[in-house]
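Numbering-wise (the numbering used here), the sequence shown opens with residue 244 and increments by one.
No residue lacks a Cβ here, since even glycine has one placed at the ideal position from N, Cα and C.
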Amino acid sequence: MRSSGRASCHRRVVARRSQPAAMRNEAGTIVWLALRTDPTTFWIVDAFASETDRQAHINGPIAAALVSNAERLLASPPEILPADVLAAKLPA
């Protein structure tokens with residue numbers, strides 16, 4: 244997901260997305276990253292064990308929290324770009 248946010252809101256977006264209890268409940272989310280490429284452009288990268296896990300995330304409480312707060316936190320609607328992982332180097 245890519246979003247153009249207000250720089251001061253980045254910490255709140257990350258805090259909402261990284262709530263430990265919510266992330267633990269998403270067993271199929273195997274990778275989660277929050278990135279910033281400039282002062283107002285933020286990326287959240289998720290990787291899932293299966294398409295079923297991806298759909299569970301998209302329809303789950305973490306995504307719902309972001310959507311319900313997007314207008315207040317972001318300068319424009321988030322751009323959600325589903326992609327398939329073609330190669331990766333991950334810790335064991």
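Residue interval of the beta strand (DSSP E) (run including residue i)
| i | result |
| --- | --- |
| Ala290 | Thr284 to Phe291 |
Exposure of residue i, with buried meaning 16 or more beta-carbon neighbours within 10 Å
| i | result |
| --- | --- |
| Ala306 | buried |
| Leu278 | exposed |
| Leu324 | exposed |
| Leu276 | exposed |
| Thr295 | exposed |
DSSP beta-bridge partners of residue i
| i | result |
| --- | --- |
| Ala277 | Ile287 |
| Thr272 | Phe291 |
Within 8 Å, strictly: CB atoms of residue i and residue j
| i | j | result |
| --- | --- | --- |
| Ala318 | Thr283 | yes |
| Leu333 | Val274 | yes |
| Ala313 | Pro320 | yes |
| Pro304 | Ala265 | yes |
8 Å contact criterion, which residue i and residue j should meet: CB distance rounded
| i | j | result |
| --- | --- | --- |
| His300 | Glu269 | 6 Å |
| Phe291 | Gly271 | 5 Å |
Continuous alpha helix (DSSP H) stretch holding residue i: start and end
| i | result |
| --- | --- |
| Leu333 | From DSSP, Leu333 is part of no alpha helix (DSSP H); its letter is neither H nor E. |
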